[in-house]
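Those protein sequences? They're chains A and B, same order as listed.
Residue 74 in our numbering sits at position 14 of the first sequence, with consecutive numbering throughout.
Residue 147 in our numbering sits at position 143 of the second sequence, with consecutive numbering throughout.
Where a beta carbon is used, it is the ideal one built from N, C-alpha and C, also for glycine.
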Amino acid sequence: MKNEDWIPDDTSLDVYPFQDINQQILFSKIIHELRCSVCQNQNLSDSMAPLAVDLRNEIYQKVQANQSEQQIIEFVSSRYGEFALYNPPLQWNTAFLWVGPFVLLVIGLCVIAHRIGGAQSSPK
Amino acid sequence: MTPRLLLLAPLCIFLIIGGFLWKGLALKPQELPSVLIGQTAPPFQLSTVEDPTRHVTEALFQGHVTILNIWATWCSSCQTEHELWMQLAKKQDALFLVGLNYHDGLEDAKNWLKNLGNPYRLTLFDQNGRVGMDYGVYGTPETFIIDKRGVIRHRHVGPMDAMVWQEKLLPMIGVLENEK
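Next comes the structure, spelled out in structure tokens:
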């Protein structure tokens, strides 16, 4: 995704001033990628739940302190679990999630190939 | 594959999808597993609601099984749960029940304990919720069971009910009491 996509269109950034545009982009990216554990269909950026506000503040301070994206994501996932990540890492228990669509695609292609092959070899 | 067997394909697909959906009905996304199970309780330094000059650390958890109950005065289900803690504290003297007042005001917390009764050995005062964050608290009430070595062994999210306490937590605490 292009960096420009993360430039604020929401009000939440008004209260989080940054000197450095890169930090602002990083902050916005992280709070869009993390899920609020309280209101589970919202990310941290959208949610007004007190916990989401706390986490935004915490992440803001960490970005200001020049922590990396990985460090900050690790901070949150070591407390709230992988559930908080909208972008799940590739590991054994998420492998199906990542590989599944391609497996289905291959199965579909095989079925199509089989049918086309079958139609050609046995004309009506 | 024979055409006859192929007729069973939609049924198979239905059963697979149905199976997933059926399982989905039983999932409770509100009950997230704690990532801290099996880990040493995160360090903290907090004062208590009873005594703002006192400083308590995670060393509190050493040497006995602790039930750490996280509550707040703005949380209505905490009030529901409170009655149960009062009964349990009366019934079981040995219970090491510690409160953690989360994201709250000191006076509010004091009044709550004065009016509703105080079942806790002591109540940690986590005014800005920062310690709660280290414990992965995302809703109150939550209850942690911490073993004698200060390792988190279980977390219960939501109000404690008598049945869960009796059938699940009490036996678990019994087992932990017997650990070295």
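Leaving out five residues before and five after residue i in sequence, what residues of the same chain have Cβ atoms less than 8 Å from its Cβ?
{"i": "residue 135(B)", "result": "46, 48, 50, 104 and 128"}
{"i": "residue 180(B)", "result": "69, 149, 151, 152 and 157"}
{"i": "residue 35(B)", "result": "161 and 162"}
{"i": "residue 129(A)", "result": "86, 89 and 90"}
{"i": "residue 132(A)", "result": "90, 119, 122 and 123"}
{"i": "residue 168(B)", "result": "160"}
By Cβ distance below 6 Å, which residues in the same chain neighbour residue i in space, the five residues on each side in sequence not counted?
{"i": "residue 108(B)", "result": "76 and 77"}
{"i": "residue 81(B)", "result": "163"}
{"i": "residue 148(B)", "result": "72, 156 and 159"}
{"i": "residue 111(A)", "result": "98"}
{"i": "residue 79(B)", "result": "144"}
{"i": "residue 150(A)", "result": "158"}
With DSSP collapsed to three states, give me the class of residue i.
{"i": "residue 60(B)", "result": "strand"}
{"i": "residue 131(A)", "result": "helix"}
{"i": "residue 120(B)", "result": "helix"}
{"i": "residue 94(A)", "result": "strand"}
{"i": "residue 103(B)", "result": "strand"}
{"i": "residue 145(A)", "result": "strand"}
{"i": "residue 82(A)", "result": "helix"}
{"i": "residue 154(A)", "result": "helix"}
{"i": "residue 65(A)", "result": "Per-residue confidence for residue 65(A) stands at a pLDDT of 45, beneath the threshold of 50, marking its modelled position as unreliable; no derived number is given."}
{"i": "residue 115(B)", "result": "helix"}
{"i": "residue 72(A)", "result": "Residue confidence is low: residue 72(A) scores 49 on pLDDT, short of 50, so the model does not pin down where it sits. Its coordinate-derived value is still stated next. Helix, per DSSP."}
{"i": "residue 140(A)", "result": "helix"}
{"i": "residue 184(B)", "result": "coil"}
Could you name the residues of the same chain whose beta carbon sits closer than 7 Å to that of residue i, not counting the 5 residues immediately before and after it, in chain order?
{"i": "residue 147(A)", "result": "93"}
{"i": "residue 9(B)", "result": "none"}
{"i": "residue 59(B)", "result": "49 and 51"}
{"i": "residue 124(B)", "result": "101, 102 and 103"}
{"i": "residue 112(B)", "result": "77"}
{"i": "residue 139(A)", "result": "none"}
{"i": "residue 67(B)", "result": "152"}
{"i": "residue 137(A)", "result": "144 and 145"}
Using only alpha-carbon positions, find the residue among the options that is nearest to residue i.
{"i": "residue 105(A)", "options": "158(A), 144(A) and 161(A)", "result": "144(A)"}
{"i": "residue 116(B)", "options": "90(B), 168(B), 37(B) and 32(B)", "result": "90(B)"}
{"i": "residue 78(A)", "options": "108(A), 122(A), 112(A) and 98(A)", "result": "122(A)"}
{"i": "residue 178(B)", "options": "118(B), 98(B) and 43(B)", "result": "98(B)"}
{"i": "residue 141(A)", "options": "176(B), 42(B) and 37(B)", "result": "37(B)"}
{"i": "residue 132(B)", "options": "110(B), 145(B), 120(B) and 146(B)", "result": "110(B)"}
{"i": "residue 145(B)", "options": "84(B), 55(B) and 126(B)", "result": "84(B)"}
{"i": "residue 87(B)", "options": "52(B), 64(B), 120(B) and 139(B)", "result": "120(B)"}
{"i": "residue 62(B)", "options": "43(B), 79(B), 54(B) and 55(B)", "result": "43(B)"}
{"i": "residue 138(B)", "options": "127(A), 154(A) and 115(A)", "result": "115(A)"}
{"i": "residue 126(A)", "options": "75(A), 80(A), 177(A) and 176(A)", "result": "80(A)"}
{"i": "residue 142(B)", "options": "164(A), 83(A) and 96(A)", "result": "96(A)"}
{"i": "residue 94(B)", "options": "106(B), 25(B) and 122(B)", "result": "122(B)"}
{"i": "residue 4(B)", "options": "170(B), 154(B) and 171(B)", "result": "It is not possible to answer for residue 4(B), since the shown part of chain B is limited to 5 through 184."}
{"i": "residue 40(B)", "options": "176(B), 174(B) and 140(B)", "result": "140(B)"}
Could you please give the first and the last residue of the uninterrupted beta strand (DSSP E) stretch that includes residue i?
{"i": "residue 50(B)", "result": "49-52"}
Cβ-heavy atom distance between residue i and the ligand ADP below 6 Å?
{"i": "residue 12(B)", "result": "The ligand content of the structure shown is nil, which means the ligand ADP is not present either."}
Terminal residues of the continuous alpha helix (DSSP H) containing residue i?
{"i": "residue 123(A)", "result": "110-124"}
{"i": "residue 27(B)", "result": "13-30"}
{"i": "residue 37(B)", "result": "Counting along the chain, residue 37(B) falls outside any alpha helix (DSSP H), and DSSP gives it neither H nor E."}
{"i": "residue 173(B)", "result": "Premise fails: residue 173(B) is in no alpha helix (DSSP H) and is neither H nor E."}
{"i": "residue 7(B)", "result": "7-10"}
Practice task
Would you list, in sequence order, the uninterrupted beta strand (DSSP E) runs of no fewer than 3 residues that lie entirely inside the stretch 122-166 of chain B?
Solution key: 126-130, 146-150 and 156-161
Exercise for the section: Give, in chain order, every unbroken run of the alpha helix (DSSP H) that is at least 4 residues long and sits entirely within the stretch 57-100 of chain B. Expected result: 80-95
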